[in-house]
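Protein sequences appear in the order of chains R and D. Residue 38 in the numbering used here sits at position 38 of the first sequence, and the numbers go up by one each step. Residue 88 in the numbering used here sits at position 88 of the second sequence, and the numbers go up by one each step. Backbone N, C-alpha and C define an ideal beta-carbon position, used for all residues, glycine too. Quick caveat, the model's predicted, so the values are computed rather than measured.
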Amino acid sequence: MARIIVVTSGKGGVGKTTTSASLASGLAVQGHKCAVVDFDVGLRNLDLVMGCERRVIYDLVNVINGEATLNQALIVDRRTDKLSILPASQTRNKDALTVEGVGRILDGLAETFEFVICDSPAGIEHGALMALYYADEAIVVTNPEVSSVRDSDRILGLLHSRSRRAEQGLDPVREHLLLARYDAARVTKGDMLGIDDVQSVLGIPLLGVVPEDKAVLEASNEGVPVIHFPGSAAGKAYQNAVFRILGKEAPESSLEKPRTGWLKWLLEGSG
Amino acid sequence: MLAVMVLELYDCDKVILARDLERVVAESPCVFDNTLVVAALDCLHNPDCAPDFVWLCSLCSSMGMHLVAVRGGNAQQRHSALQAGLSCLCSQSPAYSVCEPEHRPTPRTEQQKAFAFHMESCRQEMVPVSRSDHVPPRVISTPVRSGQQVFHTGDLILAQAVSQGAEVLASGNIYAYGPLRGRALAGACGNASARIFCTCFEAEMVSIDGHYKMISPHERHLWKKSVQVQLNGRELSVQPL
Ligand SMILES: Nc1ncnc2c1ncn2[C@@H]1O[C@H](COP(=O)(O)OP(=O)(O)OP(=O)(O)O)[C@@H](O)[C@H]1O
Ligand SMILES: [Mg+2]
Numbered sequence: 001m002a003r004i005i006v007v008t009s010g011k012g013g014v015g016k017t018t019t020s021a022s023l024a025s026g027l028a029v030q031g032h033k034c035a036v037v038d039f040d041v042g043l044r045n046l047d048l049v050m051g052c053e054r055r056v057i058y059d060l061v062n063v064i065n066g067e068a069t070l071n072q073a074l075i076v077d078r079r080t081d082k083l084s085i086l087p088a089s090q091t092r093n094k095d096a097l098t099v100e101g102v103g104r105i106l107d108g109l110a111e112t113f114e115f116v117i118c119d120s121p122a123g124i125e126h127g128a129l130m131a132l133y134y135a136d137e138a139i140v141v142t143n144p145e146v147s148s149v150r151d152s153d154r155i156l157g158l159l160h161s162r163s164r165r166a167e168q169g170l171d172p173v174r175e176h177l178l179l180a181r182y183d184a185a186r187v188t189k190g191d192m193l194g195i196d197d198v199q200s201v202l203g204i205p206l207l208g209v210v211p212e213d214k215a216v217l218e219a220s221n222e223g224v225p226v227i228h229f230p231g232s233a234a235g236k237a238y239q240n241a242v243f244r245i246l247g248k249e250a251p252e253s254s255l256e257k258p259r260t261g262w263l264k265w266l267l268e269g270s271g
Numbered sequence: 001m002l003a004v005m006v007l008e009l010y011d012c013d014k015v016i017l018a019r020d021l022e023r024v025v026a027e028s029p030c031v032f033d034n035t036l037v038v039a040a041l042d043c044l045h046n047p048d049c050a051p052d053f054v055w056l057c058s059l060c061s062s063m064g065m066h067l068v069a070v071r072g073g074n075a076q077q078r079h080s081a082l083q084a085g086l087s088c089l090c091s092q093s094p095a096y097s098v099c100e101p102e103h104r105p106t107p108r109t110e111q112q113k114a115f116a117f118h119m120e121s122c123r124q125e126m127v128p129v130s131r132s133d134h135v136p137p138r139v140i141s142t143p144v145r146s147g148q149q150v151f152h153t154g155d156l157i158l159a160q161a162v163s164q165g166a167e168v169l170a171s172g173n174i175y176a177y178g179p180l181r182g183r184a185l186a187g188a189c190g191n192a193s194a195r196i197f198c199t200c201f202e203a204e205m206v207s208i209d210g211h212y213k214m215i216s217p218h219e220r221h222l223w224k225k226s227v228q229v230q231l232n233g234r235e236l237s238v239q240p241l
């Protein structure tokens, strides 16, 4: 059974596409056949982050409309042939996505791939709903700030009420929290929420904490997912998240130890 | 006393209702946002028609309104309202039961409205028809997230967190076992003795029987404590448990 995983957030610009690209690449490198689908119809970013923008011929909407087959539209990754990318269309809008059409695509992908990663657009409207509708699991990407946490909470509500699993009364969508752009120094200063603050609001298991890291921008400018830079802090964090998705033990990075603030930290005299 | 919006239905044709309701709400969205709505069935052109209450509930909620009850109607209509989770209220008192002239049922012409809206304060008349009907409490065992609303005719038990930006409404009491961070409205159809109990009080707003209180920094000494909220006269009191 393929695992259909939506990467979603509500709020824009929190790191969904960065996360989708890295996790999909990491799963493929671990030997799992993986497809990553760009649901951000109208914007199309994933192909840039994956460095395959020049190889895009057909897209998701072409396949939904029957103008191309799935195999014609899928682009095999240059770095690992276990990974394929289904790009979004730049010329259409999100209304081109239909429940029925998306269902056909995901059924098709589930026949050959072990993992299908759906990179959701921002927002809570049609495009985001289409991306999450068929999900078995959700990775909710959240930045440690109040507005992002609130939007993630909203998305979790939608996963509970508007997904196929909710509508059909099946087991609920499995939820994971991925805290991105985490800046420990700013948390200590009190400018940003801490891990435990976010978790106390969202109350879902933590898949990983990706630090704020310049390597992310450099990698995406090069069109290489940051997970391929194992020396970078963000690359390491994504690698650990991949292990956890596969149910393996992953070392807990120092970031992920819940911290209640510098005062308590000092009092306890431990690091 | 709680103000409710009475949606006096003349027609139960879905297409017409949806179209007209959308138009009215679009004209003054703020008026309808977060209002409790009672659908009055006394003035239906065809008194025996069968409105689809499940559909009407979701139509109302898509526009930010909470349909909570029907008023009047025949046995069949009341039965289907109950099945849709609505309360059934008595017809209006005899003095009002005759539709006002402008509302009197007449054959529908194209221009004619499918409904009319008016505000009422509902206390006196919002008497459930059969008080003996025991309504079991509703237990919500998943978190209530920002943007979600839960309503129950009867007591509402919340086993997990109610997020900021979420809203829980009950005609009876509300018991919150997880953090209560959103808005909680007990006795929402008129019940001054309803209470709210919670184990971790971080609410944005609490209300009983239409008396509401925004939680201000003055209440911060109760923050994250176990509290109960009740109505003393016209005053809402939030007390540690
Ligand atoms: N861990 C990180 N450290 C530093 N910068 C990051 C990190 N994660 C993402 N970014 C940067 O944030 C920006 C937005 O990232 P990304 O496109 O992945 O977000 P998104 O959630 O997909 O956005 P959208 O909602 O527009 O689809 C990019 O410029 C990216 O380089
Ligand atoms: Mg994106």
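Contact list for Gly165/D against chain R, beta-carbon separation under 8 Å: Walking along the second sequence from the start, residue 165/D turns up at place 165. Simply Arg150, Asp153 and Arg154.
Quick check on His66/D: does DSSP put it in helix, strand or coil? Stepping through the second sequence from its first residue, residue 66/D is reached at position 66. If DSSP states are grouped into helix, strand and coil, His66/D belongs with the strands.
Quick check: does the Cβ of Asp196/R come within less than 7 Å of any heavy atom belonging to ligand 1? Along the first sequence, one-based indexing puts residue 196/R at 196. False, no ligand heavy atom lies under 7 Å from that Cβ.
Any chain D beta carbon closer than 8 Å to Gly157/R: Taking the first residue of the first sequence as 1, we reach residue 157/R at position 157. So, interface residue.
Mind listing the chain D neighbours of Ser161/R? Cutoff is C-beta to C-beta under 8 Å, in chain order. One-based indexing of the first sequence puts residue 161/R at position 161. By Cβ distance, chain D contributes Gln148.
Which whole-angstrom value is the C-beta distance of Tyr177/D and Ala159/D, which I expect to be below 8 Å? As a working mapping, residue 177/D is identified with position 177 in the second sequence. As a working mapping, residue 159/D is identified with position 159 in the second sequence. Contact holds; Cβ gap of about 5 Å.
Note down, in chain order, every chain D residue with its Cβ under 7 Å from the Cβ of Gly194/R. Within the first sequence, the letter at position 194 stands for residue 194/R. What Gly194/R touches in chain D: nothing, since even the nearest Cβ is about 17 Å away.
Near Pro230/R, which residues of its chain fall below 8 Å by C-beta distance, leaving aside the five closest residues on each side in sequence? As a first step, residue 230/R must be located in the first sequence, where it is residue number 230. Excluding positions up to five away in sequence, the list reads Lys236 and Gln239.
Report, in whole angstroms, the separation of the C-beta atoms of Val173/R and Ile155/R, which I expect to be a contact under 8 Å. Here residue 173/R is taken as the residue at index 173 of the first sequence, counted from 1. Here residue 155/R is taken as the residue at index 155 of the first sequence, counted from 1. Contact doesn't hold; Cβ gap of about 11 Å is too wide.
Let me check understanding here. Comparing Cα to Cα, which of Thr142/D, Gln164/D, Val4/D and Gly147/D lies closest to Leu156/D? Counted from its first residue, the second sequence places residue 156/D at position 156. Taking only the C-alpha atoms, the option nearest Leu156/D is Thr142/D.
Proximal residues of chain D, C-beta to C-beta of Val279/R below 8 Å: There is no way to answer for residue 279/R, as the model of chain R reaches only from 1 to 271.
State whether the stretch 48 to 63 of chain D contacts the stretch 1 to 21 of chain D, with contact taken as three or more CB pairs (one from each stretch) at a distance under 8 Å. yes
Distance, Cys118/R Cα to Val6/R Cα: Here residue 6/R refers to the residue found at position 6 when the first sequence is read from its first residue. Here residue 118/R refers to the residue found at position 118 when the first sequence is read from its first residue. Whole-angstrom Cα-Cα distance: 5 Å.
State the CB to CB distance for the pair His32/R and Glu111/R, rounded to an integer number of angstroms; the pair is presumed to be in contact (CB under 8 Å). Indexing the first sequence from 1 puts residue 32/R at position 32. Indexing the first sequence from 1 puts residue 111/R at position 111. At roughly 15 Å, the Cβ-Cβ gap does not stay under 8 Å, so His32/R and Glu111/R are not in contact.
Closest Cβ-Cβ distance between Arg145/D and chain R: below 8 Å? On the second sequence, position 145 is the one that residue 145/D refers to. Answer yes: the Cβ-Cβ gap between Arg145/D and chain R drops below 8 Å somewhere.
Please confirm whether Gln77/D and Val70/D have their CB atoms less than 8 Å apart. Within the second sequence, the letter at position 77 stands for residue 77/D. Within the second sequence, the letter at position 70 stands for residue 70/D. A contact, by the Cβ cut-off of 8 Å.
How do the stretch 217 to 226 of chain R and the stretch 190 to 199 of chain R stand: do at least 3 beta-carbon pairs fall below 8 Å, yes or no? no
Any chain D beta carbon closer than 8 Å to Val201/R: By 1-based counting over the first sequence, the position of residue 201/R is 201. Judged by the 8 Å Cβ criterion, Val201/R is in contact with chain D.
Show which residues of chain R have a CB atom less than 8 Å away from the CB atom of Ala192/D. Stepping through the second sequence from its first residue, residue 192/D is reached at position 192. Chain R residues near Ala192/D: none, gap ~31 Å exceeds 8 Å.
Own chain partners of Thr80/R with C-beta closer than 8 Å, once the 5 adjacent residues on each side are dropped: For this step, residue 80/R is matched to residue 80 along the first sequence. Hits under 8 Å: Ser25, Ala28 and Val29.
Whole angstroms is fine: what's the gap from Thr19/R's alpha carbon to Asp47/R's? As a working mapping, residue 19/R is identified with position 19 in the first sequence. As a working mapping, residue 47/R is identified with position 47 in the first sequence. Each residue's Cα considered, the two are about 13 Å apart.
Is the stretch 205 to 220 of chain D in contact with the stretch 180 to 190 of chain D, if contact means three or more CB pairs nearer than 8 Å? yes
Lys11/R versus Asn74/D: straight-line alpha-carbon distance, rounded: Working through the first sequence from its first residue, we reach residue 11/R at position 11. Working through the second sequence from its first residue, we reach residue 74/D at position 74. Spanning the two alpha carbons is a distance of roughly 48 Å.
For the stretch 86 to 104 of chain R and the stretch 117 to 134 of chain R, state whether three or more C-beta atom pairs, one from each stretch, are separated by less than 8 Å. yes
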